[in-house]
Every structure is written in C-alpha cells, then in structure tokens.
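Per this note's numbering, the very first residue in the sequence shown carries number -4; after that it's consecutive.
Glycine included, every Cβ here is placed at the ideal spot set by N, Cα and C.
Notes for the one structure printed next.
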Amino acid sequence: MIIKKTIQKLTSELNRFNDDQSFLKQAYQLILGRQASDEELQFLQYQLETGITRKIIITNLLLSQEHAQLNRETVQLPWLEKKKLLIWKKGHALLSRIKAIQAFSQATAVQNQSFDRLIFNHNKAITSLKKKVSSLQKEVSGLNRQIEEIKPNTLFFLNQEAQAQQRRLDQFFFDVKQELKMSKDTAVLDKINAISRHAIDNYYLSLEQAYRGSRDEILDRYKATVDLVTPLFAKDKAIQAADLGCGRGEWLQIISGYCAKVTGIDMNSAMISQCLSHGLQAEQGDLLEWLQRQPDQSLDLITAFHVIEHLPFEKLNMLIHEIYRVLTHGGSVILETPNPENIHVATHMFYRDPTHKTPVPKELSNHLLEFHGFTQIKVHPVHPFEETMRVPEDSEVAKRFNSMVYGATDYMITGTKQSAKK
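Here's what the structure looks like:
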C-alpha cells in the first residue's frame, strides 16, 4: 500500500512537467538520484511514444535493481520540503510478503524492460537499414542518370567515327572504281562493288545495334508484345510463315516457336549472317522479288517489322499486293513501323536511320490494307517511353501531352485475308 501511494505521489508530482524529456530527467533525479543518459532518455521516449504510460515508467524505476541497490528506504520529495517518506515495517510476516511481491514485480519489470529494449534496438536496426537502402537507391539513381547523360554522347561520337570511316571507305572505293572503269576490268570492278555493299551492310548492322538496342533488348521487347498477335497464329494446322526484313532475327526467333516453318528474308548480308549464327532459316534477297517468286496462297503468316518506312510508296503498294496474293485464305499479315504520332519519333528518332524514306501514319497503313482486301484490321500501339517520364497528372490535357510526347514509339498493324467462300 505504501509503495502504491509512493507511486501515486511521484506520478502526481512528475506530471507537472508537460514535455516528456523534462518528466524523464526529473524521474531519474528523484528516484535514482542521478541524471539519465542520452540512450536511457531515447529508450524511455520510445516507450512513451509506443503507449507506455508515465506511471508504468515510474513503477519500473522504483522496482529497478539500481533503485534496490541504493539501500534507501526514503525518497526525497519536494512537496514534503525534503522530508523523508518513511517505509514502515509492520511485522516480520507482512514484510516477507511485501518483499516477495516486490521481488516478483521487480523481476516482471526487468523482463518487460528487457523485452522493450530488445524491440527498441530492433527498430533502431530497421531504421538504420532503411536509411542505408535509401542511400543506396539514391546512389543507383545517380549512376543511372550519369549513364543516361553519357550514353547519347558516347553513341554520338561512335556514330560520328563510323560515318567518318564510311566516308573514307566510300571515297577509296570510288577512286578505285574510276580507275577500273578506265581499264575496263569488269571482274575486279564487280568484286569491288561487292566489297562496297558488304561494308555498307556492316555499317547498317552497327547502326541498328546503336539505336535500336542489342539483340537481347529487342528480344525482350518483342516478348512483351507477342501476346497482342498470338491469336493470329492458328493452332489447328502447321503454320508456314515468312518474316520480311528479318534483320538480326529477333522476331524470327520468337515466331519460330509458333510455326512449323518460318523463313527470314533480308537484303543485308551481315544481318543474314547473324540469323544463321543463331540457327535460324534465312535468305538474302530483295523482299519484293522473293515474294513474287512464291506461289499463290502458299503462306499462312507474313510479318514485316520496320520495313514499310524504308520503301517508296509505289514499292510499298506492290508489297502489300504481293503479301495478299501469297497468303492463304484466313492467313494474316503483321506489320510494325515507327509511330509518327509521337513527336520524338516524327521529328528526331525516325531520321537517325539514313535508309528511312518517309513515316507511315496508321491511317495510311490501315487504308492500304483495306484497299488490298484485308479485313479484321487492328492497330496496336507498342513500345512507349518509361512511365516515370510522363507528366504525373490525370487531366485530359496531360493525357494528350503524354500520348504525343511519351506514348508509343512504334505501332503494329494486323490484318487477315478473307476466308474462301464456300
């Protein structure tokens, strides 16, 4: 009972201090006769913030081992003008009971305090880890920014050097050709022309690597969009397919898993070598001439990724006509081309490739497929800029801006040749 009253009086006295720090400092001074360390203040402040009451903290201090070792039977209280608060010993039996209760309470308080300190230290460790993770994330973000800043300059200088080398080669071949023409040595001239074409093919391969991305990057990009067109792959028959302008063979490799036979065609000898090195079936040749050699209704699927923007309109029109002729009834065409609705594409990215002729808006390609008889035509915008680059607003103006500036950089368009009438 005396201990209970002592706790009540101490609580009443110490509650006069509104802020927790003053309360804790005075509690240590009154009960333990010393100043609290910074770590003790930090720990008890944490206890108060997590719901431990001031009364419990006072009780824990009174029942602490440190207080017991003081061998004091009195506590100096200002409200008693430093008069001693006597703890009366009323009988041996009562004293034994009180000591037993005190010992149990003390053990419980020590256990609770140890548990609280364990939680406190655990939370400190978590906070420290969070700070380290946050610091590492900032470092990674900084490195990524540096890479993005360095990358365009590196690509620019590499491209400049490649162009300079190409100009020197062109001049060399031109000079040699002029001399050979004068000597009328046609065999050597043909060989020089072949070497010149091969040099240009290699240059275009390096250009593709620099601006479109590595082979693995393009494979990952196409894997993310293949689900848009897999419904066109019939499951009830062995598909015969061709990939026009197959390049390094990324798309050719992906659709090989859906087709019984697929052949890639490209004019670039360096590209064909890349395809063959990956075990893909590919042929070098002019796309239109290759199509014109194929029988009517001989292929179930024809794809052409980043081809149509390289062709003058007359040749593009003939290409679509030949694709329709060669496809079986119910067969499909899949085209992909840069999206001129994106301002970055229309004003800059499109012109990084010197072999590009003109952008092809989706309305034009849609009308062209329709004109030649294709049905079930669908347009799929693909390959947008990263979400983090967009304006983070939900207004209509922001949506239009994001679509025009950070939207799809390419689009796929698909069409189906009508089934034969029964």
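Host alpha helix (DSSP H) of residue i (start-end)
| i | result |
| --- | --- |
| residue 225 | Careful: residue 225 lies outside any alpha helix (DSSP H) and carries neither H nor E. |
| residue 15 | 15 to 26 |
| residue 277 | Not the alpha helix (DSSP H): residue 277 falls in the beta strand (DSSP E), residues 277 to 279. |
| residue 386 | Taken as a continuous stretch (DSSP letters only), residue 386 belongs to no alpha helix (DSSP H), as it is neither H nor E. |
| residue 362 | 357 to 366 |
| residue 273 | Where residue 273 is concerned, there is no enclosing alpha helix (DSSP H), given that its DSSP letter is neither H nor E. |
| residue 286 | 282 to 287 |
Neighbourhood of residue i by C-beta, 6 Å cutoff - its chain only, sequence neighbours within 5 removed
| i | result |
| --- | --- |
| residue 299 | 239, 240, 330 |
| residue 267 | 261, 277, 279 |
| residue 54 | 2 |
| residue 325 | 414 |
| residue 36 | 19 |
| residue 370 | 411, 413 |
Three-state secondary structure assigned by DSSP to residue i
| i | result |
| --- | --- |
| residue 53 | helix |
| residue 327 | strand |
| residue 351 | coil |
| residue 3 | helix |
| residue 79 | Any reading at residue 79 must be qualified, since the residue scores a pLDDT of 42, below 50, and its modelled position is unreliable; the value itself is stated next. Strand at residue 79. |
| residue 33 | helix |
| residue 47 | coil |
| residue 257 | strand |
| residue 300 | strand |
| residue 292 | coil |
| residue 232 | coil |
| residue 74 | Unreliable placement is indicated for residue 74, whose pLDDT of 45 sits below 50; no coordinate value is reported for it. |
| residue 378 | strand |
| residue 345 | helix |
| residue 396 | helix |
| residue 369 | strand |
Among the options, the one whose alpha carbon lies nearest that of residue i
| i | options | result |
| --- | --- | --- |
| residue 232 | 296, 247, 266 | 296 |
| residue 209 | 237, 222, 243 | 243 |
| residue 380 | 340, 374, 373, 392 | 340 |
| residue 356 | 386, 388, 258, 408 | 408 |
| residue 286 | 310, 275, 273 | 310 |
Cβ neighbours of residue i in the same chain (closer than 8 Å, five flanking residues each side left out)
| i | result |
| --- | --- |
| residue 29 | 23 |
| residue 281 | 262 |
Sequence-distant residues of the same chain with beta carbon closer than 7 Å to residue i, five excluded per side
| i | result |
| --- | --- |
| residue 190 | Summary for residue 190: the model assigns pLDDT 48, below 50, so the residue's position carries little reliability, and this model does not support an answer. |
| residue 49 | 6, 9, 10, 18 |
| residue 351 | 304, 305, 345 |
| residue 112 | 38 |
Local Cβ density within 10 Å of residue i, reported as buried at 16 or more and exposed below that
| i | result |
| --- | --- |
| residue 346 | exposed |
| residue 75 | Bear in mind that a pLDDT of 44 at residue 75, under 50, signals an unreliable position, so the number given afterwards is only what the model happens to contain. By the neighbour-count rule (16 or more Cβ atoms within 10 Å), residue 75 is not buried but exposed. |
| residue 412 | buried |
| residue 494 | For the chain, the structure presents residues -4 to 417; residue 494 sits outside this window and is missing. |
| residue 317 | buried |
| residue 334 | buried |
Limits of the unbroken beta strand (DSSP E) element including residue i
| i | result |
| --- | --- |
| residue 409 | 403 to 412 |
| residue 235 | 235 to 239 |
| residue 308 | Unbroken run through residue 308 is the alpha helix (DSSP H), 308 to 321; no beta strand (DSSP E). |
Closer than 8 Å to chain C by CB, residue i
| i | result |
| --- | --- |
| residue 264 | In the displayed structure, chain C is absent; only one protein chain is listed. |
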